[in-house]
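Asks: Numbering (my numbering), first residue to last: 340 to 809. We treat Cβ as the ideally placed atom computed from N, Cα and C, and that holds for glycine.
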Amino acid sequence: MLASLFQEDETSSRARALTVWLLAAALLAGYLWVPNEKGSNDNYAHCLTALSLARGEWGRLDDLREYWSSPELGLRATVIETPDGHVVGGTGIGAALALAPFYVLANLAGAGSILMLSPAFNHPIAALWSVVGVVAFYLTCRRLVARRPAAFATLTVALGSSVLSVLSREPWQHTFLVALQCVALWLVLKPDATGPRGALAAGLLLGWGGLVRATGFLYVVAWAWLVRRAGRDRLRPFLIGVLPGLLATLAYNWWTFGRPWLFGQLIIGRVRFGYEASHAVPFNPLTALAGLLVSPGRGLFVFSPVLLWALLVLAAVAVGRRGADAGDGRVGSAPWPFWLAPALAIIAVNLASAATWKEWAGGWTYGPRYLSDTIPSWGLVVAAAAARAGLGRGVVHRGLAILAWPLLAVSIAFHAAGLLVSPYRPDAYSARIDPDHHPERLWRWRDFPPLDNLRLWIEDRAEGGRTKTP
């Protein structure tokens with residue numbers, strides 16, 4: 340029976356579940372075992388700022404000039420000179436605050452600055468944050484759906500998205516924002532009497548997420564909707580919790596750049612792409628949206644077809660609920676989960692905002708990183724779809740149920756291919772395509788990144804295992 344693909348049954352055994360989780364753990368270990376030898380210059384700025392905080396220099400980089408550009412690490416930090424003559428990291432202070440405790444401990448242990456700034460040191464930190472997010476998401480899902488849909492959604496979040504293939508590799512802003520949102524979901528969706536306190540803590544985490552990546556504040560309204568649906572007494576504590584992060588962000592911008600609404604990434608965009616770079620794109624935003632979703636180079640539904648599957652399942656269920664001949668009471672009578680509509684709203688905000696930025700192409704990275712902010716919300720959508728897959732009658736419902744695991748496997752394979760080749764090597768996909776200046780090249784299927792990475796990896800093996808590095 341197709342429903343058994345996701346629903347619990349009496350034949351399920353603990354041994355089978357243990358086998359699945361052991362395989363997942365082995366796969367996770369394989370992801371984390373692949374070394375990270377190079378990083379993004381923007382992320383290097385986080386690391387410099389964290390080192391400054393660990394040394395008591397309040398995030399200013401004036402005394403770290405020798406490390407702004409490191410030939411030893413092959414990195415050049417993205418820095419900005421402030422109106423009062425100081426130098427700061429161009430990507431804010433929120434991510435540096437997440438790194439700072441590790442830097443303080445390393446500094447106390449006598450670790451050298453180059454070691455702390457190296458990709459090898461920061462890789463485990465990013466991986467730890469990513470794993471915490473995945474675990475928190477699974478624990479949340481187990482409250483909402485049965486074990487199998489929860490496992491399916493968690494595998495999608497961990498392996499069928501950018502979380503472990505990209506975000507766990509180095510300290511991206513998305514790395515921390517995704518993990519903070521996953522823990523916030525766990526706090527908000529608690530059914531017990533600690534709900535208001537959990538909502539307050541979730542608000543604090545989401546406020547920190549906004550300090551890490553300013554786009555996090557764009558989702559506050561949809562998050563407030565989710566919190567309100569989770570419990571009427573939770574909304575006010577949640578909003579109170581968000582406030583410190585918002586005020587800290589505005590205060591940092593005012594202290595650093597002289598204006599509360601001027602973010603470092605706005606300045607970076609204007610320098611790299613022209614004054615209007617960080618405003619609405621001059622071309623049709625629908626073109627950018629199409630590129631974000633279905634282009635071979637960055638398309639979310641291309642790299643993670645399981646997400647498109649989830650939307651199709653929900654659409655099929657919606658049609659079945661409306662149709663006079665739905666014929667299956669389990670689909671027609673089951674109410675939508677209260678958290679589904681807010682999750683879809685968060686995703687819609689992410690898509691709408693990303694499509695209006697000229698830099699939607701995502702720089703020198705792998706896959707749809709610019710849509711990573713809302714991976715936890717996508718996970719909820721997948722959980723809702725998996726809980727209903729196979730319950731309906733008809734060819735469409737049966738076909739979608741059959742496609743679920745194959746599409747998840749394809750999603751995992753496409754994202755795992757990102758580990759085969761460093762995205763920063765000179766012959767890698769982004770270096771050749773230069774997508775930020777030539778986004779039209781992202782539509783060339785002959786350069787499809789998973790296959791391109793596989794080709795380069797095979798060439799490296801043919802040359803005796805030598806890996807080309809920048």
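1) May I have the straight-line CA-CA distance separating Ile686 from Leu679, to the nearest angstrom?
2) How long is the line joining the alpha carbons of Gly654 and Ala364, rounded to whole angstroms?
3) List the endpoints of the continuous alpha helix (DSSP H) containing Ile432.
4) Can you give me the start and stop residues for the beta strand (DSSP E) that Val418 sits inside?
5) Identify which residue in Tyr442, Leu781 and Phe596 has its Cα closest to the Cα of Pro422.
6) Determine the burial state of Arg764: buried for a count of at least 16 other Cβ atoms within 10 Å of its Cβ, exposed for fewer.
7) Buried or exposed for Ile432, please, with buried defined as at least 16 other CB atoms from any protein chain shown within 10 angstroms of its CB.
8) Smallest Cα separation from Leu539: which of Phe515, Ile714 and Phe577?
9) Does DSSP put Leu601 in a helix, in a strand, or in coil?
10) Helix, strand or coil for Ser409? Go by DSSP, reduced to three states.
11) So, for Ala553: in the same chain, excluding its five sequence neighbours on each side, which residues have a beta-carbon less than 6 angstroms away from its beta-carbon?
12) Can the beta-carbon of Asp775 be found closer than 7 angstroms to that of Gly702?
13) Hey, how far is the Cα of Val561 from the Cα of Tyr442?
14) Assign Leu444 to one of three DSSP states: helix, strand, or coil.
15) Rounded to the nearest angstrom, what separates Asn792 and Arg708 at their Cα positions?
16) Take the Cβ of Pro440 as the centre, count every other Cβ of all protein chains shown within 10 Å, and call the residue buried at 16 or more, exposed below.
17) Taking just the CA atoms, how far does Gly636 sit from Ala475?
18) Which one of Ile751, Ala748 and Ala725 has the shortest CA to CA distance from Leu739?
19) First and last residue of the alpha helix (DSSP H) that includes Asn382?
20) Is it true that the CB of Pro715 sits closer than 7 angstroms to the CB of Cys521?
21) Quick one, are the C-beta atoms of Ala393 and Trp407 less than 7 angstroms apart?
22) What separation, rounded to the nearest whole angstrom, lies between the Cα atoms of Ala307 and Val502?
23) Using DSSP with H/G/I as helix, E/B as strand and the rest coil, what is Arg404?
24) Residues in the same chain with beta-carbon distance under 8 angstroms from Val735, minus the five sequence neighbours each way, listed in chain order, please.
25) Are Thr301 and Gly398 close, meaning C-beta to C-beta below 7 angstroms?
26) Name the two residues that bound the continuous alpha helix (DSSP H) containing Val502.
27) If I follow the unbroken alpha helix (DSSP H) through Gly549, where does it start and stop?
28) Cα-Cα, which of Asn592, Arg482 and Val688 is closest to Ala569?
Replies: Well, looking at it:
1) Near 11 angstroms, if we compare the C-alpha coordinates of Leu679 and Ile686.
2) The residue asked about is misnamed: residue 654 is Ala in this sequence, not Gly. The straight-line gap from Cα to Cα measures roughly 33 angstroms.
3) Segment: none, Ile432 is in no alpha helix (DSSP H) and carries neither H nor E.
4) For Val418, the enclosing beta strand (DSSP E) stretches over residues Val418 to Glu420.
5) Checked all of Tyr442, Leu781 and Phe596; the closest Cα to Pro422 is Phe596.
6) Label assigned to Arg764: buried.
7) Counting every other CB atom within 10 Å of its CB across the protein chains shown gives Ile432 a total of 16 or more, marking it as buried.
8) Checked all of Phe515, Ile714 and Phe577; the closest Cα to Leu539 is Phe577.
9) Correct three-state label for Leu601: coil.
10) Strand at Ser409.
11) Excluding sequence positions up to five before and after Ala553, its CB lies within less than 6 angstroms of the CB of Phe602, all in the same chain and listed in chain order.
12) Contact flag set, yes.
13) Note that residue 561 corresponds to Ala in the displayed sequence, not to Val. If you draw a straight line from the Cα of Ala561 to the Cα of Tyr442, it comes to about 34 angstroms.
14) Correct three-state label for Leu444: helix.
15) Separation of Asn792 and Arg708 (C-alpha to C-alpha, rounded to the nearest whole angstrom) is 17 angstroms.
16) It is exposed - the Cβ of Pro440 has fewer than 16 other Cβ atoms within 10 Å.
17) Rounded to whole angstroms, the gap between the alpha carbons of Ala475 and Gly636 is 30 angstroms.
18) Per the Cα distances, Ala725.
19) If you look at Asn382, you'll find it in the alpha helix (DSSP H) that goes Asn380 to Ala393.
20) The Cβ-Cβ distance between Cys521 and Pro715 falls below 7 angstroms.
21) No, Cβ-Cβ distance for Ala393 and Trp407 is not below 7 angstroms.
22) Any question about residue 307 goes unanswered here, given that the chain covers just 340 to 809.
23) The three-state reading of DSSP puts Arg404 in helix, counting H, G and I together.
24) Closer than 8 angstroms at Cβ, skipping near neighbours: Ala655.
25) Within the shown structure, residues of the chain are numbered from 340 to 809, placing residue 301 beyond reach of any answer.
26) Premise fails: Val502 is in no alpha helix (DSSP H) and is neither H nor E.
27) Counting along the chain, the alpha helix (DSSP H) containing Gly549 begins and ends at Gly534 to Val551.
28) Looking from the CA of Ala569, the closest CA among Asn592, Arg482 and Val688 belongs to Arg482.
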